[in-house]
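Following my numbering, the numbering of the sequence shown begins with 905 at its first residue and continues without gaps.
Just so it is clear, CB atoms sit at the ideal spot from N, CA and C, and this is done for glycine as well.
Remember, it's a predicted structure, so these values are computed and weren't measured experimentally.
A short worksheet on the structure shown next.
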Amino acid sequence: MMGRDHRPKVGDPRGHSARIYDEIYDSDAFRALSPHDVLAYLALLRDLRATNNGDLSLPLSKAKHRGIKHKTTLARSLRALRAVGLIALTSTGGRDKDGHRLPNLYRVTDVQSYAFPKKFIEARPATNEWKRVTSIAQARALIAQAEAEAKADAKAQPDAEALVEKTKAQGHAMTRTGSRGDQKLPQPGVRREPWVDALGHAVNLCEAAENRVMARVPGRFVDACEERIHSSPGSPPFALLPSHADFVPVEEDA
905 MMGRDHRPKV GDPRGHSARI YDEIYDSDAF RALSPHDVLA YLALLRDLRA
955 TNNGDLSLPL SKAKHRGIKH KTTLARSLRA LRAVGLIALT STGGRDKDGH
1005 RLPNLYRVTD VQSYAFPKKF IEARPATNEW KRVTSIAQAR ALIAQAEAEA
1055 KADAKAQPDA EALVEKTKAQ GHAMTRTGSR GDQKLPQPGV RREPWVDALG
1105 HAVNLCEAAE NRVMARVPGR FVDACEERIH SSPGSPPFAL LPSHADFVPV
1155 EEDA
């Protein structure tokens, strides 16, 4: 009787590898791809592990280190891979609540994908959409159709970030306008804030004739002549500042 093999199981001594099976390499879907499309597919396979299918991403920052330098080229290649069914979109990117940019997430269709509840991604078996492509001509037609749809979408819905930048570029300085007779209230911290150590009310009366304001004040009004003090002497305001004490209501005329 042969004894059990107690040798430890080890992985590939050369480490992780990006594997393309013969049936995919020889398929019409794969043969219709451009060189940049193949680079994008290899870049996604570079990150594929045993349990992360469905959470694969290829932002431009990563693609630049893997042979794709321009965002337009990257977008076209990812659309082509989706069009022929080699990859599928699992989550649409955007921005989180803190404004950080989130990339699109993908799965390769020939491998089972797993659930990522926090990203709202469900587990799925291998779907192998690429097997539905039966000729190179069909694959190229699918890629062309995906490009036409992308151009139509871009024309109907311009890129939001580009629109913001365009709006910024068209902006210009505006002259501050206002009426000379507008009332101006003192800002917090000026010397005519409500009294904290006395009863009654303090009133700053405008000295300029064009800013004259009629007002009625409640009881316990401090009938005393004070020096006008204000943080903006050039535009004397009228400000009625409530005290921290109770006041006597104004009696209506008979």
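Beta-carbon gap between residue i and residue j smaller than 8 Å
| i | j | result |
| --- | --- | --- |
| threonine 977 | histidine 1004 | no |
| valine 988 | alanine 936 | yes |
| leucine 1009 | glycine 971 | no |
| valine 1037 | aspartate 932 | yes |
| alanine 928 | alanine 984 | In the sequence as presented, alanine is not what sits at residue 928; that position holds isoleucine. No, they are not a contact pair. |
| leucine 982 | lysine 975 | no |
| glycine 998 | leucine 1006 | yes |
| alanine 1030 | threonine 1013 | yes |
Separation of residue j from residue i, as counted between CA atoms
| i | j | result |
| --- | --- | --- |
| histidine 969 | arginine 1028 | 30 Å |
| arginine 1011 | leucine 993 | 7 Å |
| aspartate 1000 | lysine 1022 | 13 Å |
| alanine 1045 | tryptophan 1034 | 14 Å |
| tyrosine 1018 | leucine 948 | 16 Å |
| tyrosine 945 | alanine 1058 | 24 Å |
| proline 951 | leucine 960 | Here residue 951 turns out to be aspartate, not proline, going by the sequence shown. Their Cα atoms are separated by approximately 7 Å. |
| alanine 1052 | histidine 920 | 37 Å |
| proline 917 | arginine 953 | 16 Å |
| glutamate 1026 | lysine 973 | 32 Å |
| leucine 943 | aspartate 1002 | 32 Å |
| aspartate 930 | alanine 1054 | 28 Å |
| alanine 1060 | leucine 962 | 25 Å |
| aspartate 926 | phenylalanine 1024 | 33 Å |
| serine 1039 | glycine 915 | 37 Å |
Pick from the options that is closest to residue i, judged by C-alpha positions
| i | options | result |
| --- | --- | --- |
| threonine 955 | Lys1059, Gln1042 and Phe1020 | Phe1020 |
| isoleucine 924 | Phe934, Asp1002, Ala979 and Pro917 | Phe934 |
| asparagine 1032 | Ala967, Arg986, Gly915 and Ser921 | Arg986 |
| glutamine 1049 | Arg980, Val942 and Leu962 | Arg980 |
Per-residue burial, residue i [other beta carbons within 10 Å of its own, 16 or more giving buried]
| i | result |
| --- | --- |
| serine 938 | exposed |
| alanine 1043 | buried |
| threonine 996 | exposed |
| alanine 967 | buried |
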